[in-house]
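Enquirer: Protein chains in written order, with the numbering used here: chain H, 1 to 212; chain X, 1001 to 1212. The structure follows.
There are 2 protein chains.
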Amino acid sequence: MSSCLFDTVGSKCQCVCMISTEQKTMHILDAALPVFVRFGFRKATMADIARAAGISRASLYLSFNSKEDLFRAGSARAHRQTMAEVEVALKGQGSVFDRIEAAIATFQRGLIAPFGGSAEARELFEVNMALAADITLETRERLLDLLSLALHEAAAKGEIDLGAVEAQPASLAGIILAAMSGIKEMRGAEPGLGDDTRLFMRLLRAAVTPPG
Amino acid sequence: MSSCLFDTVGSKCQCVCMISTEQKTMHILDAALPVFVRFGFRKATMADIARAAGISRASLYLSFNSKEDLFRAGSARAHRQTMAEVEVALKGQGSVFDRIEAAIATFQRGLIAPFGGSAEARELFEVNMALAADITLETRERLLDLLSLALHEAAAKGEIDLGAVEAQPASLAGIILAAMSGIKEMRGAEPGLGDDTRLFMRLLRAAVTPPG
DNA sequence: GGACAAATGGACTTTACATGTCTAGCTGTC
DNA sequence: GACAGCTAGACATGTAAAGTCCATTTGTCC
């Protein structure tokens, strides 16, 4: 048997290599997510996570210095992955509205929906803001920039008319995000987009679509 | 506002009365069940249960002396309620087979299915045997008696023929229960009866149905 | 075979938190 | 005002999780 747990089938594992280390980290984070979702941060123990990952508690500490570190790494990865998908969505086909809608749906699906079903959702979000506020806020900032840019380009092409509502792209992007987060706060977070979200998108569309 | 949390709407609560005390107990057990199902016995704290019941931790200790007491009370109530339903099922319409099938389905639905979905099912059953073995075994005994009686009566009426398999009602009842518990052990516990259970019931029916 | 890396089980200290108890105080009823 | 029910909060105590460390095992490579 190989000494490395994370061989890809058929290929020997060159340990001491970065790929394996990274795979191990990913594997652990994959295992940790459902544990955190199920129990929340506090009730989830390092033993739980180690068991879920199929490794020993000692090994867990070889990859992460602390439970908080592990959580931060998980949060960071989720934000990184989701933002990559969001960028793809924004570069896709369709109108600005379609692409923004897709982008936001992706964002929700990646960063909110996975926890929304959990009774520990509140605690998890609180812990996330306590341990990974920088990542979270930076990501939100970046999403804002991406939306602004999309709106700006659409305005430049005449696809939308921001003059009608006297708004800068950045302001409008801010409104969109705020509305989405508000809607998610009130209603539960379904996967994808809810009715309220779609209604808001129709409002937006109606407001900035150029006449004629 | 009334000083009693558990008024039934429209009727003043006469505290110091047994009804209210019992209602409170029931209310707490109702609240405690999902907490135990969600977290298992160990991870579920008295604070969790108090919060779920909408009362203070101190009040919880006015109703129950300990977490173990509370669990025992919950287990006892579940067994009591379920056995009452089982008796109804056994007195119902249809053949012995139908009634036994219904009885067992009721038993499973009341005492196994609620926990079967939980990842903590194993721990909960272990804790139950540690804290409420008497209740559990007594209930199982009682179920055995009820099934035996049903089989006995059916045999007396000529509805079934136990001579064909050379079995006493009690032995057959024991086999049925053992088979059910084995099936539930192997397969997951769905609500109601699974395919395996139904197959077993067909076997039983075929084996003891009198010829002609 | 020996050197080496990775992972493990287990022992250990420290720290956090849950249990169970108690008291003083609040709220609404009679 | 007396009383009952509930509460918040403090408390001592015990359990267990966090984090650290090391001896040992397992498998790889030379």
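Every residue gets a Cβ at the ideal spot worked out from N, C-alpha and C, and that includes glycine.
Check the Cβ of residue 43 of chain H against every Cβ in chain X and list those closer than 7 Å, keeping chain order.
Expert: By 1-based counting over the first sequence, the position of residue 43 of chain H is 43. In chain order: 1039, 1043.
Enquirer: Near residue 208 of chain H, what residues of its chain come up, given a Cβ to Cβ distance below 7 Å and the 5 sequence neighbours on each side ignored?
Expert: As a first step, residue 208 of chain H must be located in the first sequence, where it is residue number 208. Here the set comprises 160, 161, 162, 164, 165.
Enquirer: Please report whether the beta-carbon of residue 1089 of chain X lies at a distance below 9 Å from any beta-carbon of chain H.
Expert: Working through the second sequence from its first residue, we reach residue 1089 of chain X at position 89. No, residue 1089 of chain X lies away from the interface with chain H (no Cβ there is under 9 Å from its Cβ).
Enquirer: Within its chain, find whatever has a CB closer than 6 Å to the CB of residue 52 of chain H; leave out the 5 residues flanking it on each side and keep chain order.
Expert: Indexing the first sequence from 1 puts residue 52 of chain H at position 52. The answer, listed in chain order, is 31, 35.
Enquirer: Does residue 206 of chain H pass the burial test, meaning 16 or more other C-beta atoms within 10 Å, or should it be called exposed?
Expert: Your numbering for residue 206 of chain H matches position 206 in the first sequence. For residue 206 of chain H, the number of other beta carbons within 10 angstroms of its own is below 16, and it is reported as exposed.
Enquirer: Which residues of chain X have a Cβ atom closer than 8 Å to the Cβ of residue 119 of chain H, listed in chain order?
Expert: In the first sequence, the residue the question calls residue 119 of chain H occupies position 119. Going along chain X in sequence order, the residues near residue 119 of chain H (Cβ under 8 Å) are 1038.
Enquirer: What's the gap between the Cα of residue 58 of chain H and the Cα of residue 134 of chain H?
Expert: Your numbering for residue 58 of chain H matches position 58 in the first sequence. Your numbering for residue 134 of chain H matches position 134 in the first sequence. Cα to Cα, residue 58 of chain H sits roughly 29 Å from residue 134 of chain H.
Enquirer: Using 10 angstroms around the beta-carbon of residue 172 of chain H, count the other beta-carbons present and answer buried if the total reaches 16, otherwise exposed.
Expert: Start at 1 with the first residue of the first sequence, and residue 172 of chain H comes out as number 172. Its Cβ being crowded by 16 or more others within 10 Å, residue 172 of chain H is buried.
Enquirer: May I ask you to report which of helix, strand or coil DSSP gives residue 1175 of chain X?
Expert: The residue given as residue 1175 of chain X occupies position 175 in the second sequence. If DSSP states are grouped into helix, strand and coil, residue 1175 of chain X belongs with the helices.
Enquirer: Between which residues of its own chain and residue 1046 of chain X is the CB-CB distance below 6 Å, once the five residues before and five after are set aside?
Expert: Position 46 of the second sequence, counted from the first residue, corresponds to residue 1046 of chain X. Around residue 1046 of chain X: 1057, 1060, 1067.
Enquirer: Quick one: grab the DSSP three-state call for residue 1033 of chain X.
Expert: Taking the first residue of the second sequence as position 1, residue 1033 of chain X is located at position 33. Here residue 1033 of chain X sits in helix by DSSP.
Enquirer: Roughly how far, in whole angstroms, is the beta-carbon of residue 82 of chain H from the beta-carbon of residue 115 of chain H, given that I think they are within contact range, below 8 Å?
Expert: As a working mapping, residue 82 of chain H is identified with position 82 in the first sequence. As a working mapping, residue 115 of chain H is identified with position 115 in the first sequence. Not confirmed; about 13 Å, so no contact.
Enquirer: Pairing CB atoms from the stretch 1121-1139 of chain X with CB atoms from the stretch 1150-1158 of chain X, are three or more of them under 8 Å?
Expert: Not touching, per the Cβ criterion.
Enquirer: Rounded to the nearest angstrom, what separates residue 1037 of chain X and residue 76 of chain H at their Cα positions?
Expert: Residue numbering aside, residue 1037 of chain X sits at position 37 when the second sequence is read from its first letter. Residue numbering aside, residue 76 of chain H sits at position 76 when the first sequence is read from its first letter. Spanning the two alpha carbons is a distance of roughly 31 Å.
Enquirer: Under the rule that 16 or more other beta-carbon atoms within 10 Å means buried, what is residue 1029 of chain X, buried or exposed?
Expert: By one-based count along the second sequence, residue 1029 of chain X stands at place 29. The residue in question, residue 1029 of chain X, is buried, as its Cβ has 16 or more Cβ neighbours within 10 Å.
Enquirer: Return the residue from the list X:1099, X:1126, X:1136, X:1198 that minimises the CA-CA distance to residue 1151 of chain X.
Expert: As a working mapping, residue 1151 of chain X is identified with position 151 in the second sequence. Closest option to residue 1151 of chain X, Cα to Cα, is X:1099.
Enquirer: Look at residue 1146 of chain X and residue 1086 of chain X and say whether their C-beta atoms are less than 9 Å apart.
Expert: Taking the second sequence and counting its residues from 1, the one referred to as residue 1146 of chain X is at position 146. Taking the second sequence and counting its residues from 1, the one referred to as residue 1086 of chain X is at position 86. The beta carbons of residue 1146 of chain X and residue 1086 of chain X sit closer together than 9 Å.
Enquirer: Write down every uninterrupted run of the alpha helix (DSSP H) in the stretch 1039-1078 of chain X whose length is 4 residues or greater and which is fully enclosed by it, in chain order.
Expert: 1046-1053, 1057-1063
Enquirer: For residue 1095 of chain X, name the three-state secondary structure that DSSP assigns.
Expert: Locating residue 1095 of chain X in the second sequence gives position 95, counting from the first residue. Looking at residue 1095 of chain X - three-state DSSP - the assignment turns out to be coil, as it is neither helix nor strand.
Enquirer: For residue 170 of chain H, which residues of its own chain have a beta-carbon under 6 Å away from its beta-carbon, when the five flanking residues on both sides are left out?
Expert: For the purposes of this step, residue 170 of chain H is identified with residue 170 of the first sequence, where counting begins at 1. Within the same chain, and ignoring the five residues on either side of residue 170 of chain H in sequence, the residues whose Cβ sits closer than 6 Å to its Cβ are 148.
Enquirer: What beta strand (DSSP E) runs, 3 residues minimum, are completely inside the stretch 119-185 of chain H?
Expert: Listed in chain order, nothing qualifies, since the stretch 119-185 of chain H has no complete beta strand (DSSP E) run of 3 or more residues.
Enquirer: Taking 9 Å as the threshold (C-beta atoms), are residue 1136 of chain X and residue 1079 of chain X in contact?
Expert: Position 79 of the second sequence, counting from 1, holds the residue named residue 1079 of chain X. Position 136 of the second sequence, counting from 1, holds the residue named residue 1136 of chain X. Yes, the pair counts as a contact, with Cβ atoms nearer than the cut-off.
Enquirer: Helix, strand or coil for residue 209 of chain H? Go by DSSP, reduced to three states.
Expert: Counting from 1 along the first sequence, the entry for residue 209 of chain H is found at position 209. In this structure, residue 209 of chain H counts as coil in the three-state DSSP scheme.
Enquirer: Taking 9 Å as the cut-off, decide whether the C-beta atoms of residue 71 of chain H and residue 39 of chain H are in contact.
Expert: As a working note, residue 71 of chain H is residue 71 in the first sequence. As a working note, residue 39 of chain H is residue 39 in the first sequence. Contact flag unset, no.
Enquirer: Whole angstroms is fine: what's the gap from residue 143 of chain H's alpha carbon to residue 113 of chain H's?
Expert: The sequence position of residue 143 of chain H within the first sequence is 143, counting from 1. The sequence position of residue 113 of chain H within the first sequence is 113, counting from 1. So the two alpha carbons sit approximately 17 Å from each other.
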